[in-house]
Amino acid sequence: MKDLSAHSYDLKQAQQILNTFFSATASGAQEKQLHDEAPQYLRLSPDFSTRMTPRPPVVPVASPQETVASANQTHHQQFSSWEECIAWCMTMTRAESVFVADSQGFIIASRGRIPGHGFEAAGAEVICSVEQLERVAPDAGRLVWLDLDFDKYRVIGIITPPVDAEYYVVGFIAPDSSSFYSHKQIITLNILENLPNMD
Numbered sequence: 001m002k003d004l005s006a007h008s009y010d011l012k013q014a015q016q017i018l019n020t021f022f023s024a025t026a027s028g029a030q031e032k033q034l035h036d037e038a039p040q041y042l043r044l045s046p047d048f049s050t051r052m053t054p055r056p057p058v059v060p061v062a063s064p065q066e067t068v069a070s071a072n073q074t075h076h077q078q079f080s081s082w083e084e085c086i087a088w089c090m091t092m093t094r095a096e097s098v099f100v101a102d103s104q105g106f107i108i109a110s111r112g113r114i115p116g117h118g119f120e121a122a123g124a125e126v127i128c129s130v131e132q133l134e135r136v137a138p139d140a141g142r143l144v145w146l147d148l149d150f151d152k153y154r155v156i157g158i159i160t161p162p163v164d165a166e167y168y169v170v171g172f173i174a175p176d177s178s179s180f181y182s183h184k185q186i187i188t189l190n191i192l193e194n195l196p197n198m199d
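In structure tokens:
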């Protein structure tokens with residue numbers, strides 16, 4: 001049984017086979033270890049930087065004067081009706097729909113994709129929610145914005161200060177988050193400035 005491939009119960013022969021495999025593996029491991037100890041970085045040749053092309057200059061999308069002009073135009077909008085106001089709000093926020101409810105929950109105006117259940121119930125529920133939420137922290141002042149984040153979409157509402165003992169809620173259904181938050185103050189300012197003029 002001198003054949004190394006034959007099954008054998010001879011312990012000396014098994015030890016020889018093991019030593020043969022171990023010595024071959026050990027020398028391979030030593031070579032691999034030497035290669036692994038090489039530096040973990042790559043040196044670039046000196047002519048590498050000359051071959052690199054510079055990046056093109058960045059061109060601004062809008063100059064500061066144009067940005068200020070467009071911001072000023074959106075800051076001072078004139079609305080004579082709620083329909084004009086919510087049409088402008090809808091374009092600013094890219095909302096699916098916008099509605100206005102009075103303090104009794106009746107819908108005064110709406111625009112956009114109307115949900116299957118309509119806005120009537122939503123208006124009344126938002127008004128009830130505002131009254132309940134103001135009780136959460138009575139010393140915090142008047143509730144100004146309401147932001148409800150549901151599984152499928154977001155409902156946001158601005159609550160106006162009372163005019164002739166009546167306040168309004170402007171509700172935004174599924175507004176684009178980046179558009180809404182970047183224009184939130186502008187929307188608030190325009191609604192409050194035009195509130196006495198809107199019927």
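The opening residue of the sequence shown carries number 1 in this note's numbering; numbering runs sequentially from there. A virtual CB, placed ideally from N, CA and C, is assigned to each residue, including glycine.
- Separation of the CB atoms of Trp82 and Ala109 is rounded to 4 Å, and the pair is thereby assigned contact status at 8 Å.
- Inter-segment contact for the stretch 164-179 and the stretch 95-109 is present: three or more beta-carbon pairs are separated by less than 8 Å.
- Using a C-beta cut-off of 8 Å, the stretch 175-194 makes no contact with the stretch 135-143, since fewer than three inter-stretch Cβ pairs fall below that distance.
- The residue from Leu146, Asp151, Val98 with its alpha-carbon nearest to that of Ile159 is Leu146.
- Within the same chain, and ignoring the five residues on either side of Ala87 in sequence, the residues whose Cβ sits closer than 7 Å to its Cβ are Arg111.
- By the Cβ-count criterion, Pro161 is exposed, with fewer than 16 other Cβ atoms from all chains shown falling within 10 Å of its own Cβ.
- In the DSSP assignment, Glu166 is bridged to Val163.
- Counting along the chain, the unbroken alpha helix (DSSP H) around Leu192 starts and ends at 177-194.
- For Ile127, the enclosing alpha helix (DSSP H) starts and ends at 120-133.
- Residue pairing of Gly116 in beta bridges, as defined by DSSP: absent, with no partner found.
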